[in-house]
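Enquirer: Questions regarding the structure given below will be posed in turn.
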Amino acid sequence: MLRRPQSPTSLVSSKKDSGSSKTTFSKKYTLHFVLVVCVVIPAIVTVISLFEGMITIRTLQAMSSGVYMTQNGSQLRGDCSMTAFHHHSNNDDTFATKTIVLDLQAMKDYSQQRGLQAMHHIKSLTVPNYEKFVIEKYGQEHYQFLHYLTSQVLYPQSKDENDKVNNNVPCFDQNDELSSDEQQQQDSVPHHIVDIGTRYVASSLALGAPVMKAVPRGNGRSDQWVAASSHGIPVWTFDLARSRERFQAFRGATEERWNSDRQKANVTEIVFHNLDLLKVPLDEFKTYMSSEHVHLIVLDTAHKPYTIPFEREFLTRLLEINYQGLLVLDDIHFQEEMKRWWAELQDQAAKEDSPFRLYDVTILGHWSGTGLLDFRPQGNVVLNF
Ligand SMILES: C[S@@+](CC[C@H](N)C(=O)[O-])C[C@H]1O[C@@H](n2cnc3c(N)ncnc32)[C@H](O)[C@@H]1O
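Using our numbering, the first residue of the sequence shown is number 46, and each one after it goes up by one.
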């Protein structure tokens, strides 16, 4: 096809067209550039950070205390605002197979400063005339032992003394699903610790007490002690339905006010139950005591296991639900009935098919006698004293 020669005008206009198409071209790319810089990159960054955020939340959740443990398949919310999680759990060190070492020298070393400071830290949350018992030495009173057992033996915090209290651990949606790895990790962390016999809350406070840290004040002044971290596991405490003794620990304040002080002190959540543990249906009893949710139960009640057979019947119920955790018994050498029961338990433990092994740990606990029963079929307790 013959092409018509272009007139100068058309050449000009053609040049003009070419110039305008260049302008359109560069406008187009400028627009793309702006689009990439202003929309696409921020969008990618947002997606990545959201993704990272999810991972962080999931990691925290997996590391966290049993506040988020599943109970009957559903996740529970807890006192999320005050917990600090540095729990070291891994699949080789699950509670079921863990060797629990109770070492007198380690207890002594811990007690001299940090253990004692922890007790001073919590003492104002019980009744005034119990303060002297709470700060008493291990082997005399059991409060330091209970604190040591949870914070140092069962749920040790990060070894880094400089750990800070994390007051901003988020709560999670009940439906937030966990991967099987995360679930396994959570399964090695209990949902709560049980303390039976609340009275003035002293033992519950000891079980939930934080680890203390010395902060130098300079100018020759002695260190200041602050609550550094907490295992974060709530304490569920039980007393008789009619019992109102715990209100005395609030020292005239409301329970809300006491709770807020407890939270400020970084003591883990304390949940009060007033009911008859022998009368609640077995399914309900399991939600309180099952070793799926609980590693440690402390029993310190009427101390009349034969005339008011609560302790012995409670033990029967634990066996009925196949409890596979630890049980601390207070006052095993206190009076005749307790001595007799302890002897009966010793006989039972000596049998080959006994569901538990037992240890006398009075030297670490209460002058009136402290016993430890281990119901874990594959667990091991080593006493170094
Ligand atoms: C020795 S005091 C507990 C002291 C507390 N554990 C501490 O160390 O600070 C015994 C408590 O057990 C409670 N108690 C007695 N029988 C009980 C039962 N069947 N269930 C729950 N609590 C019971 C009593 O009301 C009493 O407050």
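Cβ atoms here follow ideal geometry from the backbone N, Cα and C, with glycine treated the same way.
#1: Please list the segments of the alpha helix (DSSP H) lying wholly inside the region 355–407, counting only runs of 4 or more residues, in order along the chain.
#2: Determine the closest residue to D376 out of D284, P261, L344 and E329, with distance taken between C-alpha atoms.
#3: With respect to the beta strand (DSSP E) encompassing Q269, which residues constitute its N-terminal and C-terminal limits?
#4: Quick check on T144: does DSSP put it in helix, strand or coil?
#5: Going by DSSP in three states, W281 sits in which element: helix, strand or coil?
#6: With a Cβ-Cβ cutoff of 9 Å, do A247 and F178 count as a contact?
#7: Would you kindly work out how many angstroms separate the C-alpha atoms of Q380 and L341, rounded to a whole number?
#8: Quick one: what does DSSP say D419 is sitting in, helix, strand or coil?
#9: Just tell me which of T243, H236 and T313 has its CA closest to the CA of V256.
#10: So what's N174 in DSSP terms, helix, strand or just coil?
#11: When the Cβ atoms of the region 324–334 are set against those of the region 257–267, are three or more pairs found closer than 8 Å?
#12: What is the C-beta distance between T243 and S288, in whole angstroms, given that I count them as a contact (C-beta under 8 Å)?
#13: Is T361 close to ligand 1? I mean its beta-carbon at under 8 Å from any heavy atom of the ligand.
#14: Between the C-alpha atoms of Q185 and H236, what's the straight-line distance to the nearest angstrom?
#15: From K182, P201 and A141, pick the residue whose C-alpha is nearest to that of G277; which is it?
#16: Do the region 381–397 and the region 421–428 make contact, defined as three or more Cβ pairs closer than 8 Å?
#17: Where DSSP assigns a beta bridge to F292, which residues make up the other side?
#18: Around the C-beta of K168, are 16 or more other C-beta atoms found within 10 angstroms, so that it is buried, or is it exposed?
#19: Tell me whether P173 is buried or exposed, calling it buried when 16 or more other Cβ atoms sit within 10 Å of its Cβ.
#20: Whole angstroms is fine: what's the gap from E329's alpha carbon to L364's?
#21: Under three-state DSSP, which class holds V260?
#22: Under the criterion of a Cβ to heavy atom distance below 8 Å, does Y245 qualify as lining ligand 1?
#23: In or out: L297 buried (at least 16 other Cβ within 10 Å) or exposed?
#24: Can you tell me the Cα-Cα spacing of T101 and G416, whole angstroms?
#25: Where does Q229 sit, in a helix, a strand or coil, going by DSSP?
#26: Just list the residues that DSSP pairs F317 with in beta bridges.
Expert: Taking the definition as stated:
#1: As far as the region 355–407 is concerned, its whole alpha helix (DSSP H) runs of at least 4 residues are 355–365 and 381–395.
#2: Counting from 1 along the sequence shown, the entry for residue 376 is found at position 331. Put simply, of D284, P261, L344 and E329 the residue whose alpha carbon is nearest the alpha carbon of D376 is L344.
#3: If you number the sequence shown from 1, residue 269 lands on position 224. Start and end: Q269 to S274.
#4: Along the sequence shown, one-based indexing puts residue 144 at 99. Collapsing the DSSP output to three states places T144 in a strand.
#5: Here residue 281 corresponds to residue number 236 of the sequence shown, with the count starting at 1. Taken through DSSP and simplified to helix, strand or coil, W281 comes out as strand.
#6: As a working mapping, residue 247 is identified with position 202 in the sequence shown. As a working mapping, residue 178 is identified with position 133 in the sequence shown. Yes, they are a contact pair.
#7: Start at 1 with the first residue of the sequence shown, and residue 380 comes out as number 335. Start at 1 with the first residue of the sequence shown, and residue 341 comes out as number 296. In a straight line, the C-alpha of Q380 is about 24 Å away from that of L341.
#8: The sequence position of residue 419 within the sequence shown is 374, counting from 1. Residue state for D419 is assigned as strand, using DSSP reduced to three classes.
#9: Residue 256 sits at position 211 when you count from the first residue of the sequence shown. That would be T313, whose Cα lies nearest to the Cα of V256.
#10: Position 129 of the sequence shown holds residue 174. Here DSSP, grouped into helix, strand and coil, assigns N174 to helix.
#11: Two segments are said to touch when three or more pairs of C-beta atoms, one from each, lie closer than 8 Å; by this definition the region 324–334 does not touch the region 257–267.
#12: Against the sequence shown, residue 243 aligns to sequence position 198. Against the sequence shown, residue 288 aligns to sequence position 243. About 7 Å; that satisfies the 8 Å criterion.
#13: The sequence position of residue 361 within the sequence shown is 316, counting from 1. For ligand 1, not one heavy atom lies less than 8 Å from the Cβ of T361.
#14: By 1-based counting over the sequence shown, the position of residue 185 is 140. By 1-based counting over the sequence shown, the position of residue 236 is 191. If I take the Cα positions, the gap works out to 30 Å.
#15: By one-based count along the sequence shown, residue 277 stands at place 232. Out of K182, P201 and A141, P201 has the C-alpha closest to the C-alpha of G277.
#16: Segments in contact, no.
#17: Position 247 of the sequence shown, counted from the start, is the residue given in the question as residue 292. Its beta-bridge partners do not exist; DSSP assigns none.
#18: The count along the sequence shown starts at 1 and reaches residue 168 at position 123. Under this definition K168 is a buried residue.
#19: Looking up residue 173 in the sequence shown gives position 128. With fewer than 16 neighbouring CB atoms inside 10 Å of its own CB, P173 falls in the exposed class.
#20: On the sequence shown, position 284 is the one that residue 329 refers to. On the sequence shown, position 319 is the one that residue 364 refers to. Approximately 15 Å, taken between the alpha carbons.
#21: Translated into the one-based positions of the sequence shown, residue 260 becomes position 215. V260 falls in the strand class under three-state DSSP.
#22: Walking along the sequence shown from the start, residue 245 turns up at place 200. The nearest non-hydrogen atom of ligand 1 is less than 8 Å from the C-beta of Y245.
#23: Mapped onto the sequence shown, residue 297 falls at position 252. Leu is not the amino acid found at residue 297; the sequence shown has Gly there. With fewer than 16 Cβ atoms within 10 Å of its Cβ, G297 is classed as exposed.
#24: Here the question's residue 101 lines up with position 56 in the sequence shown. Here the question's residue 416 lines up with position 371 in the sequence shown. Confidence is the limiting factor: at T101 the pLDDT is only 31, short of 50, which leaves the residue's position unreliable, though a coordinate-based value still follows. Cα to Cα, T101 sits roughly 41 Å from G416.
#25: The residue given as residue 229 occupies position 184 in the sequence shown. Note that Q229 has pLDDT 49, beneath the 50 cutoff, so the model's placement of it is unreliable and no number is given.
#26: Residue mapping note: residue 317 aligns to position 272 of the sequence shown, counting from 1. For F317, which the question treats as bridged, DSSP gives the partners T282.
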